[in-house]
Structures are given as structure tokens and as C-alpha cells.
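J.: Dumping the structure here so I can ask a few things about it.
In our numbering, the protein residues as written are 1 to 586.
Right under this line is the structure:
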């Protein structure tokens with residue numbers, strides 16, 4: 001009975017993970033509550049996965065990575081990258097993927113992609129290359145780079161934590177670096193040659209131009225005799241039409257308007273909307289239309305900037321409309337347009353649901369945009385007229401702490417988890433990042449997912465479900481030997497990781513694979529490493545966070561990922577099956 005319950009809950013969890021109707025942490029906690037209520041797990045067992053030192057290490061890596069990002073280390077790298085490749089454009093994909101994969105070997109791949117996406121888009125614009133030729137290879141390189149070290153991806157850390165909990169040997173920092181390098185080399189070689197020919201060449205979208213082509217921007221002079229004087233914009237005839245007042249020019253001073261701004265005599269209102277709506281407002285007494293123009297010349301001034309931002313999967317307002325998220329009040333930015341899958345949306349923006357990968361054209365004060373960028377609320381893809389200050393001191397300190405943690409942990413001077421906790425502590429202590437920022441940058445959903453799914457592994461074993469599945473898989477392919485069983489588990493993991501989290505896929509398959517290894521008297525580390533690497537081959541669908549981040553800016557379609565990712569996946573699958581038994585004999 002318990003086996004049926006555990007497997008039924010597993011199937012339900014996989015479906016919910018794939019549909020993304022609810023967040024992964026909510027699903028995981030619900031799963032633990034159900035298993036505890038049904039008596040499958042004790043409370044101590046249900047939450048034992050959260051007590052691992054690897055969870056602390058992963059949280060520490062997020063903090064150090066955020067400090068490095070805030071200091072602008074990746075922008076320094078992208079500047080060097082432009083200098084290096086501007087006269088050797090053909091070598092750009094190879095150099096870019098090599099740099100990204102190396103960086104991702106020591107940092108979470110989603111973080112690396114988020115840090116590189118804006119510089120790569122800017123680099124593509126400078127070199128007059130379609131971003132779609134660079135962004136997908138860059139995302140793939142960040143995923144493959146994570147296969148080189150224990151800390152390269154949260155999946156590796158989660159698998160290592162599970163092995164430790166089971167009392168099995170664990171992997172050290174560079175135990176499988178050779179395999180990771182081979183996987184990266186295969187991916188880079190393919191994507192820089194054949195991949196470049198089959199990657200789409202989508203034209204870059206200019207959201208500002210699209211907005212200007214779809215709408216008119218007009219200046220309205222409010223006379224002393226106008227009924228608008230003394231009233232809030234939302235209570236005037238303009239506020240009741242489908243027009244947006246973006247700016248108010250008062251005494252030659254340009255300010256950003258909102259629905260509660262009070263109109264005064266001699267104000268000049270910069271409004272945006274359709275020609276039909278502007279023609280309706282023209283007949284209002286007490287106002288003069290100064291210009292019907294396609295040029296939004298007052299949108300940008302010394303104090304006011306327009307920027308294009310990318311929405312990340314980790315933003316907590318994903319799934320809400322602009323109004324529901326209180327976007328303007330919360331962030332101090334006005335959303336002017338949304339670009340989704342190459343289409344610019346500019347009508348009824350307030351009721352438009354925000355989705356991961358959307359590009360938002362926003363207007364706000366220069367210092368607000370600068371703050372939001374430095375605080376990493378969003379990825380700023382394009383901006384006007386300013387560059388945020390970067391601290392050379394903080395870049396040197398955070399980078400040194402990170403490298404120091406890698407060396408101390410790799411040389412076994414202190415445990416790896418303590419080394420990264422020390423690095424995180426030093427980043428906060430030396431004010432490379434504020435304590436509140438550090439807590440903001442930890443991906444708590446991911447930590448809950450890893451902790452919860454580790455405990456689910458206990459349920460698989462305790463209930464006998466792992467033994468049941470392992471027995472059936474062994475019956476199916478075991479007659480062909482341990483190698484065939486390993487190949488089956490790696491393939492199942494690769495299939496499972498396409499619609500769901502890499503860490504979740506690995507932690508679902510790992511208990512069953514280890515049970516099979518024990519039954520076959522095979523090396524459990526061989527199976528664990530195969531599962532770990534297979535979970536990182538999430539290239540066929542755009543659901544992996546790194547792939548989601550480049551989906552919008554690259555204007556990709558799902559078929560683009562299938563077309564390119566399927567070939568790379570086959571090559572990597574074969575490489576894993578050859579390399580893993582060589583390093584860890586069955």
C-alpha cells in the first residue's frame with residue numbers, strides 16, 4: 001500500500017513540477033506534509049534533508065555570487081571579451097562559451113546566465129550580430145560548465161548531500177572535472193560549427209521603435225481655463241480615455257506622472273495612446289495639442305531614463321499583472337511596453353500578466369534604474385546615458401574570497417561547506433554586500449526543493465518503492481549487464497529533467513539507481529555520477545532556468561531548442577556512458 005502511495009505522490013509531483021502551476025517549494029512542502037500525515041515519514045525524517053551542510057554551502061555560494069555580481073566582475077569580463085573579439089568575430093562563439101563554461105564551473109549556472117545575458121546582448125549589438133546566434137550557446141555553456149565541479153550546479157551539491165546522508169563516499173571538488181571538460185568541449189565544438197548554421201538568425205527587436213510605431217506621443221498644453229486644472233489625472237477626461245500620461249513638464253522641469261498627479265495651469269502633459277483616442281481628446285476645451293509626433297523626445301532627460309529589463313524566473317511577481325504586482329509603486333518604474341516572443345505589447349499594459357523571460361520597456365528616474373540594477377532586481381538589457389558606479393575594491397575582495405574558498409575546500413584545509421560559509425561571511429563583513437541583500441539573493445525555493453526531495457528519497461527507500469522500481473528496471477534490462485542498467489537510468493534522468501528541475505530529477509532517480517547498483521553489486525558512485533551528469537543535460541526544452549532567461553532576448557521558439565538541443569543531448573549522452581565507467585569502473 002505504501003509503495004503505491006509513494007509512487008502515486010511521485011507521479012503527482014512530476015506532473016505539478018512540469019506544469020509549473022504552483023511554485024516548486026510549495027509542491028515540495030505539500031509533498032512532505034502528505035507523507036508525514038499518511039505515516040510514511042516521521043516529522044524528523046520529513047525535514048532531515050534541510051539539515052545538510054551542503055544546503056548551507058549552496059546558500060553561501062548564492063551570497064558570494066551576488067557580491068561578485070554587484071561588484072561588476074562579469075561586466076569587466078564582458079568588456080575584455082569585446083576587446084578580444086571585435087576584430088575576430090568568427091571566434092566569438094568559441095571564446096564566449098569557453099569563458100561562460102569556465103565561470104559556471106564555480107558558480108550556479110542560472111546566476112552565470114543572468115550575469116552574462118545583458119553583456120552578450122550588448123556585445124551582439126556592437127558587433128551587429130543577431131543575439132539569437134549567441135544566447136542559446138551561452139546558456140548551454142553555462143549548463144555544461146556546471147558539470148565540471150561539485151559546486152558547479154545545485155544538482156551536484158544535492159546529489160553529494162544525498163550520498164553523505166546515506167553514508168556513502170562523496171565527490172571532492174575536482175573528482176569528475178575531466179568528464180566535465182570533455183562534455184564542455186563537445187558542446188562548444190558542436191555549437192561553434194554545425195550549431196551556428198542551424199541556430200536561428202532572428203532580427204533584434206527595438207521595443208522603443210515598436211512602441212512608437214504602434215502609438216502616438218503627443219504634448220498637451222493645459223490652459224488656465226481648462227477643467228483639468230486642480231484635478232488628479234485619473235479624475236480627468238484624459239484619465240478616463242485609453243491614454244497614458246507619462247510625463248509632466250512644469251516650469252521647464254520634466255517629471256514622471258502617475259494617475260494621482262494633480263494637473264496645474266500651463267502644464268505640458270506628454271501622453272501616449274492610439275490616434276483614435278488622441279482625436280477624441282482634441283475636442284476638449286481648455287487644452288492645446290502641441291504635437292502629434294512619432295518621436296518621444298521628452299521620455300528621456302538628464303534625470304529620467306528609459307531602460308529595457310528582462311524578467312527572471314526568480315522574480316516573485318511572475319504570474320501577476322502589472323497592476324496586481326504594484327509594479328510602479330514597488331519599483332518606481334513605469335512599464336511602457338512588454339515584448340514577448342518577439343511581439344511588442346503596448347495596449348492595456350496594466351492588465352497584462354508578467355511572464356518569465358518577458359522584456360519590459362520601463363521609464364524611471366536615473367538613480368532608481370541605477371539602484372535596481374545594482375540591487376539585481378532585474379537584468380537591464382539596454383539603458384540610456386549612465387553607467388552605475390562599480391567598486392574595484394569590492395570586486396577584488398569578493399573575487400578573492402571566492403577563489404580562497406575553492407582553494408581551502410579543494411585542498412581539504414577546511415570542509416568545503418565551511419570554506420564557502422567563511423567566504424559569504426567575509427563578503428558581508430567587508431560590506432561587499434549588505435546583510436539584507438544577502439538574504440534576498442539566496443534562492444530559498446531551490447533550497448526547499450533540494451531539502452524536501454532529499455527527504456522524499458528516504459520515503460522511496462523506507463516504503464520499498466525504490467526497491468520495487470529498481471527490481472523492475474533490473475528485470476527489464478539487467479540481463480544485458482550493469483552497463484545497460486546504467487544507460488537506462490541516465491536516459492530516464494535526461495528525459496525527466498527536460499520538464500522539471502534538474503535537482504528534482506536527480507533526487508527522484510538517485511535512490512532507485514543506488515538500489516539497483518546494490519542489487520547488481522556495482523559501484524554506487526558510477527550510478528550517482530551518471531545520474532548527476534544526466535540531470536544537467538536539460539537542453540531539449542526551454543524550461544531550464546538558464547534557457548528561460550535567453551528565451552525572450554533571443555526571440556527563440558520551442559522548436560529551436562528541440563532542433564539544436566536534441567543533437568547536443570545525444571552527443572553528451574554517449575560521452576557520459578563512455579567517460580563515467582572509465583573514471584569510476586562498474
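Quick reminder that beta carbons are idealized off the backbone N, C-alpha and C, glycines included.
Within the continuous alpha helix (DSSP H) that includes residue 518, where are the two ends?
T.: Counting along the chain, the alpha helix (DSSP H) containing residue 518 begins and ends at 502 to 519.
J.: Taking the alpha carbon of residue 491 as the reference point, which residue from 573, 135, 48 and 400 has its own alpha carbon closest?
T.: Nearest of 573, 135, 48 and 400 to residue 491, Cα basis: 573.
J.: Any contact between the segment 122 to 134 and the segment 165 to 178? By contact I mean 3 or more CB pairs, one from each, below 8 angstroms.
T.: Too few Cβ pairs lie closer than 8 angstroms, so no.
J.: Which residues in the same chain have their Cβ closer than 7 angstroms to the Cβ of residue 244, if we skip the five residues on either side of it in sequence?
T.: Excluding residues within five positions, the ones whose Cβ falls inside 7 angstroms are 271, 272 and 273.
J.: Can you give, in chain order, each stretch of the alpha helix (DSSP H) that sits fully within the segment 423 to 447 and has at least 4 residues?
T.: List check, alpha helix (DSSP H) in window: 435 to 441.
J.: Mind reading off the beta-carbon distance from residue 448 to residue 110? Whole number of angstroms is fine, and I expect it under 8 angstroms.
T.: About 16 angstroms; that fails the 8 angstroms criterion.
J.: Can you have a look at residue 11 and say buried or exposed, based on whether 16 or more other CB atoms are within 10 angstroms of its CB?
T.: By the neighbour-count rule (16 or more Cβ atoms within 10 Å), residue 11 is not buried but exposed.
J.: Note the first and the last residue of the continuous beta strand (DSSP E) segment covering residue 168.
T.: Run containing residue 168: none; DSSP gives neither H nor E here.
J.: Got a sec? Which residues, its chain only, sit under 8 angstroms from residue 384 by beta carbon, not counting five neighbours each side?
T.: In this prediction, residue 384 has a pLDDT of 45, which is less than 50 and means its spatial position is unreliable; nothing more can be read from the coordinates.
J.: I'd like to know whether the C-beta atoms of residue 538 and residue 57 end up nearer to each other than 7 angstroms.
T.: Not a contact, by the Cβ cut-off of 7 angstroms.
J.: Between residue 352 and the rest of its own chain, which residues show a CB-CB distance below 7 angstroms, the 5 nearest in sequence each way excluded?
T.: Only 321, 322, 338 and 345 meet the Cβ criterion.
J.: Given a cut-off of 7 angstroms on the beta-carbon distance, is the pair residue 455 and residue 427 in contact?
T.: Taking 7 angstroms as the Cβ cut-off, residue 455 and residue 427 do not qualify as a contacting pair.
J.: Relative to the alpha-carbon of residue 105, which residue among 360, 184, 532 and 565 has its alpha-carbon at the smallest distance?
T.: Minimum Cα distance to residue 105 is reached at 184.
J.: If you draw a straight line from the alpha carbon of residue 45 to that of residue 458, how long is it in whole angstroms?
T.: Their Cα atoms are separated by approximately 7 angstroms.
J.: Using a beta-carbon distance below 7 angstroms, is residue 227 in contact with chain B?
T.: Structure shown: chain B not included; a single protein chain is present.
J.: Please state whether DSSP places residue 156 in a helix, a strand or coil.
T.: Of the three classes helix, strand and coil, the one that applies to residue 156 here is helix, per DSSP.
J.: Hey, residue 445 and residue 25: beta-carbon distance below 7 angstroms or not?
T.: Cβ distance < 7 angstroms, so residue 445 and residue 25 count as in contact.
J.: Where DSSP assigns a beta bridge to residue 247, which residues make up the other side?
T.: 256 and 270, per the DSSP bridge assignment.
J.: In the structure shown, what three-state DSSP assignment does residue 365 receive?
T.: Reduced to three states, the DSSP call for residue 365 is strand.
J.: Does DSSP classify residue 294 as helix, strand or coil?
T.: With a pLDDT of 37 at residue 294, under the threshold of 50, the modelled position of this residue cannot be trusted, and the question is left open.
J.: Out of 195, 55 and 43, state which residue places its alpha-carbon closest to the alpha-carbon of residue 164.
T.: Residue 55 is the option with its Cα nearest to residue 164.
J.: Go ahead and label residue 8 buried or exposed: buried means 16 or more other beta carbons lie within 10 angstroms of its beta carbon, across all protein chains shown.
T.: Residue 8 comes out exposed.
J.: Going by the CB atoms, is the gap between residue 513 and residue 489 shorter than 7 angstroms?
T.: Result yes, Cβ atoms of residue 489 and residue 513 sit closer than 7 angstroms.
J.: Give me, in chain order, the residues of the same chain whose beta-carbon lies closer than 7 angstroms to that of residue 576; leave out the 5 immediate sequence neighbours on both sides.
T.: Result list for residue 576: 490, 530, 533 and 534, in chain order.
J.: With a threshold of 16 other CB atoms inside 10 Å of the CB of residue 389, please say whether the residue is buried or exposed.
T.: Model confidence at residue 389 stands at a pLDDT of 44, short of 50, so the residue's coordinates are unreliable and nothing is read from them.
J.: Can you check which of these residues, 94, 178 and 120, is closest to residue 193 by C-alpha distance?
T.: Checked all of 94, 178 and 120; the closest Cα to residue 193 is 94.
J.: What first and last residue would you give for the beta strand (DSSP E) that runs through residue 305?
T.: Looking at the DSSP string, the run of the beta strand (DSSP E) that includes residue 305 is 304 to 310.
J.: Does at least one heavy atom of the ligand ZN sit under 6 angstroms from the Cβ of residue 356?
T.: Within the structure as shown, the ligand ZN is missing, as the structure has no ligands at all.
J.: Answer yes if the segment 259 to 269 comes into contact with the segment 223 to 241, meaning at least three C-beta pairs across the two stretches below 8 angstroms, and no otherwise.
T.: Output reads yes: the segment 259 to 269 touches the segment 223 to 241.
J.: Assuming residue 180 and residue 147 form a contact by the criterion Cβ under 8 angstroms, report the distance between their Cβ atoms to the nearest whole angstrom.
T.: At roughly 4 angstroms, the Cβ-Cβ gap stays under 8 angstroms, so residue 180 and residue 147 are in contact.
J.: Does the Cβ of residue 51 have 16 or more other Cβ atoms within 10 Å, making it buried, or fewer, making it exposed?
T.: It is exposed - the Cβ of residue 51 has fewer than 16 other Cβ atoms within 10 Å.
J.: Here's the rule: buried if 16 or more other CB atoms are within 10 angstroms of the residue's CB, otherwise exposed. What is residue 198?
T.: So residue 198 ends up on the exposed side.
J.: State the CB to CB distance for the pair residue 136 and residue 564, rounded to an integer number of angstroms; the pair is presumed to be in contact (CB under 8 angstroms).
T.: The Cβ separation is near 6 angstroms, so the contact holds.
J.: In terms of alpha-carbon separation, which member of 63, 122, 21 and 37 lies closest to residue 615?
T.: Any property of residue 615 remains undetermined from this structure, which presents the chain solely from 1 to 586.
J.: Taking only the alpha-carbon atoms, compute the straight-line gap between residue 53 and residue 72 and give it to the nearest angstrom.
T.: Each residue's alpha carbon lies about 29 angstroms from the other.
J.: Is it right to say residue 294 is buried, meaning 16 or more other beta carbons lie within 10 angstroms of its own, or is it exposed?
T.: Since pLDDT at residue 294 reaches only 37, below the 50 mark, its modelled position is unreliable, and no value is offered.
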